[in-house]
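Count along the sequence shown from 1, then add 1; that gives the number in my numbering. Single-structure report; data block below.
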Amino acid sequence: MERPFEEFGSKVFSEKEMLERLPSPVYKAWKKTLASEGQLDRPTADAIAHAMKRWAMEHGATHFTHWFQPLNGTTAEKHDAFVEPDGEGEPIARFSGKMLIKGEPDASSFPSGGLRATFEARGYTYWDVTSPAFIKDDVLCIPTVFVSYNGEALDRKEPLLKSLDALSIRATKVCNLLGDDSVKSCDISVGLEQEYFLIDKKYYDQRLDLKLTGRTLFGTSAPKGQELSDHYFGAIPGRVKAYMKEVNEELWKLGVYAKTEHNEVAPAQFELAPVFSGGNIAVDQNLIIMDILKRTAEKHGLACLLHEKPFDGINGSGKHNNYSIVTDNGQNLFDPGKKPEENIRFLTFTCAFIKAVDTYPVLLRLSASSAGNDHRLGANEAPPAIISIYLGSYIEDVLYRVYKSQECCKDAEKKSDFTPVTNISYIPHDNTDRNRTSPVAFTGNKFEFRMLGSSMNASFANTVLSSIMADALQEVVDILSEGKSEEEIRDLAYGYCRKVIKEHNRVLFSGDGYSEEWVKEAERRGLPNVKSFIEATQILKDPSVEKMFTSLGVFTKVELDANRRIMEERYRSIMDIEVRTMLEMTEKDVLPSMEEEYMFYDRAGKDAPSFMKKRKETLYDLIEDTAEGVETLSEKWKKASAVDDQYRSGYEIYYEVVPAMEKLRSFIDQYESIASRKFYTLPMYEQMLFDR
Ligand code: ADP
Ligand code: MG
Numbered sequence: 002m003e004r005p006f007e008e009f010g011s012k013v014f015s016e017k018e019m020l021e022r023l024p025s026p027v028y029k030a031w032k033k034t035l036a037s038e039g040q041l042d043r044p045t046a047d048a049i050a051h052a053m054k055r056w057a058m059e060h061g062a063t064h065f066t067h068w069f070q071p072l073n074g075t076t077a078e079k080h081d082a083f084v085e086p087d088g089e090g091e092p093i094a095r096f097s098g099k100m101l102i103k104g105e106p107d108a109s110s111f112p113s114g115g116l117r118a119t120f121e122a123r124g125y126t127y128w129d130v131t132s133p134a135f136i137k138d139d140v141l142c143i144p145t146v147f148v149s150y151n152g153e154a155l156d157r158k159e160p161l162l163k164s165l166d167a168l169s170i171r172a173t174k175v176c177n178l179l180g181d182d183s184v185k186s187c188d189i190s191v192g193l194e195q196e197y198f199l200i201d202k203k204y205y206d207q208r209l210d211l212k213l214t215g216r217t218l219f220g221t222s223a224p225k226g227q228e229l230s231d232h233y234f235g236a237i238p239g240r241v242k243a244y245m246k247e248v249n250e251e252l253w254k255l256g257v258y259a260k261t262e263h264n265e266v267a268p269a270q271f272e273l274a275p276v277f278s279g280g281n282i283a284v285d286q287n288l289i290i291m292d293i294l295k296r297t298a299e300k301h302g303l304a305c306l307l308h309e310k311p312f313d314g315i316n317g318s319g320k321h322n323n324y325s326i327v328t329d330n331g332q333n334l335f336d337p338g339k340k341p342e343e344n345i346r347f348l349t350f351t352c353a354f355i356k357a358v359d360t361y362p363v364l365l366r367l368s369a370s371s372a373g374n375d376h377r378l379g380a381n382e383a384p385p386a387i388i389s390i391y392l393g394s395y396i397e398d399v400l401y402r403v404y405k406s407q408e409c410c411k412d413a414e415k416k417s418d419f420t421p422v423t424n425i426s427y428i429p430h431d432n433t434d435r436n437r438t439s440p441v442a443f444t445g446n447k448f449e450f451r452m453l454g455s456s457m458n459a460s461f462a463n464t465v466l467s468s469i470m471a472d473a474l475q476e477v478v479d480i481l482s483e484g485k486s487e488e489e490i491r492d493l494a495y496g497y498c499r500k501v502i503k504e505h506n507r508v509l510f511s512g513d514g515y516s517e518e519w520v521k522e523a524e525r526r527g528l529p530n531v532k533s534f535i536e537a538t539q540i541l542k543d544p545s546v547e548k549m550f551t552s553l554g555v556f557t558k559v560e561l562d563a564n565r566r567i568m569e570e571r572y573r574s575i576m577d578i579e580v581r582t583m584l585e586m587t588e589k590d591v592l593p594s595m596e597e598e599y600m601f602y603d604r605a606g607k608d609a610p611s612f613m614k615k616r617k618e619t620l621y622d623l624i625e626d627t628a629e630g631v632e633t634l635s636e637k638w639k640k641a642s643a644v645d646d647q648y649r650s651g652y653e654i655y656y657e658v659v660p661a662m663e664k665l666r667s668f669i670d671q672y673e674s675i676a677s678r679k680f681y682t683l684p685m686y687e688q689m690l691f692d693r
């Protein structure tokens, strides 16, 4: 192998490493567990733990941790040293199967949405055998799920794994029913593109808002923004290049196939995309990527911003989730092949996907939502909050032909209840599949879900995608099971596809998703347009959503309620921090600068040039407006916080407090655009975005 890749995977306790280090029966037992064909017994676990510890210590690790994904959207770890006293006054390295498999972090302060009363705050972590252990900063990280004493999921990984099981069972059955008995199980393939901003650390350190909230709460556009599009795919500046080199090398060591890197649309914005992998691992790796991006930045005197909207006026950051379903023998079920019309399996899976998306649009919207992403979705830079699918004219034509081939519907176009998809006037006549304004786009052999926020854990989105797909496939299984012969089953599958095309084509849209017309058209079609994250959270109470999740065994009702409460609570906490930070910065940084500058002009006296007199008046007004803005925001905030019901409180924050923040911001931004650098000391956009 070429030198840069020599160390690829050196920090991962990979399958290859296990094969080399484990006695053959142990290795085989582990493989069986991996394929869900057996359970790990104590001696096997001990043997694996022993090999893992030796490997880790050879690579300099001194500690181990159960690495998990609590419900606050991040990752968590509590480090334990391998070292223990041997009873004779000497240190000994110990790591048993029990320590590998189960942990009990004292993690009582993670959100549990009431699943754990504090007197019974116990939560346990359990090894996720399907995701490899790795070393980060001399710590052996063991991916785990985190569950309560009663077995309820307290994390994002456990439901994902359950949804993948639910999907695998049904997708496999459909493959088998359609005549392919070679398929034994299915998984999803996920490729996550990660966008981020890089700015100089010294500016980051000077801005409380960036440090506490991840975004600038005010700041006016630099004289130059992204209008020249000269940053996009442009040459990568030297310091950033060095940073990316180190990021890539770190990621390669961790077994992540970091592949594409390029400048994004906004100045100082970049993207990193690894090669796709199995869903569970792709999500874990994305969390590792975010971590490495942040930590490496510090080493280079940079700050990596993963927030969805660090700067107003230029594009924010997202995370595209490329999604496909693959069989254990390597077939991609969304691969149309050469003759998609005759590829009944492709058609069935694609139609099931269409049905799934059109049945649970708000849930899907929620899975991509957060307080941060509220600034992007529907703001003409990211997909709108309306869920639709872009198939591209090629596949749309295929579906249309499939639909029309039905005898009874020869004159389908005349029927009033059917809008043939090809008649939608917005269809662009090319085949490039590059409609960037669609939230869900078919891109050749996968669906790209483009709504996710850059800072989000991708687990929940993939849990939702896989669950709604499993739900749709369950119906397919039920229908196809009625067939007596291969021929009959095929006919039933075609019948299913026609029905879906007829009943769900409203969700297909190929036009400009950013346009005003689409908002109206979507309303006419009856597609929901939920404005905010906080409003979307209520979909977890919807009886059909509850039924879908519980019948698949992905979430219990109790878990859904807890998740909803945590999301509501989180929204409130995030906004709490934002408002307090904004008030503090206004009081301590902005108003004092304004006042000093005002005094400066005031001192010039009556004979000052008219420009100075005018400037004095402008500043006078801005000080009054800003002070009033502070007051209004404080009042609205107090009122909204006092609302007992979490949801109502969040709702009021979104509709009352957020506009008050925007209003206050507008005065500060007006000031900033005329402020003298002598008086205004906070780093401005032009410095943060263009200083390299
Ligand atoms: P673009 O910016 O055009 O969307 P990128 O190359 O940046 O394309 O990202 C595409 C992502 O999709 C990569 O992570 C890639 O590995 C992933 N991908 C490719 N094929 C599949 C597939 N079959 N299933 C899931 N992800 C895939
Ligand atoms: Mg993309």
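Ideal Cβ positions, reconstructed from N, Cα and C, are used throughout, including at glycine.
DSSP three-state label for residue i, please.
i      : result
Val257 : coil
Tyr324 : strand
Thr217 : coil
Gly124 : strand
Ala473 : helix
Asp181 : coil
Val276 : coil
Ala386 : coil
Gln40  : coil
Ala605 : coil
Tyr495 : helix
Gln332 : coil
Leu306 : strand
Glu265 : coil
His67  : strand
Ala134 : coil
Val422 : Note that Val422 has pLDDT 47, beneath the 50 cutoff, so the model's placement of it is unreliable and no number is given.
Gly1   : No information on residue 1 is available, as it lies outside the stretch 2 to 693 that the chain covers here.
Asp129 : coil
Ile428 : With a pLDDT of only 42 at Ile428, under 50, the local geometry of the prediction cannot be trusted, and the value read off the model is given with reservation. Coil at Ile428, not helix or strand.
Leu23  : coil
Leu541 : helix
Gly393 : coil
If residue i sits next to residue j, beta carbons under 8 Å apart, how far is it from one beta carbon to the other, in whole angstroms?
i      : j      : result
Gly651 : Arg573 : 6 Å
Ile396 : Pro337 : 7 Å
Ala386 : Arg366 : 6 Å
Thr131 : Leu35  : 6 Å
Val357 : Ala473 : Checking the sequence shown, residue 357 turns out to be Ala, not Val. Right, their Cβ atoms sit about 4 Å apart.
Arg565 : Lys542 : 7 Å
Gly279 : Lys202 : That pair is no contact at about 35 Å.
Is residue i near residue j, with beta carbons less than 9 Å apart?
i      : j      : result
Lys99  : Arg171 : no
Lys300 : Glu247 : yes
Ile490 : Gly61  : no
Asp359 : Arg507 : yes
Pro112 : Val363 : no
Ser370 : Phe534 : yes
Asn323 : Phe271 : no
Phe443 : Ile390 : yes
Phe69  : Asp156 : yes
Leu683 : Met586 : yes
Gly256 : Phe9   : yes
Met58  : Gln195 : no
Please list the terminal residues of the continuous beta strand (DSSP E) segment that includes residue i.
i      : result
Gly373 : No beta strand (DSSP E) contains Gly373, which DSSP labels as neither H nor E.
Glu85  : Val84 to Pro86
Leu193 : Cys187 to Asp201
Ser149 : Val140 to Ser149
Glu524 : Glu524 -> not in any beta strand (DSSP E); alpha helix (DSSP H) instead, spanning Glu517 to Arg526.
Phe448 : Phe448 to Phe450
Ala94  : Pro92 to Ala94
Phe354 : No beta strand (DSSP E) contains Phe354, which is instead part of the alpha helix (DSSP H) from Ile345 to Thr360.
Val644 : Careful: Val644 lies outside any beta strand (DSSP E) and carries neither H nor E.
Taking residue i as part of the alpha helix (DSSP H), name the residues at either end of that continuous run.
i      : result
Phe691 : Tyr686 to Phe691
Is residue i near the ligand NAP, judged by its Cβ being under 8 Å from some heavy atom?
i      : result
Ser325 : Among the ligands in the structure shown, the ligand NAP does not appear; only the ligand ADP and the ligand MG can be found there.
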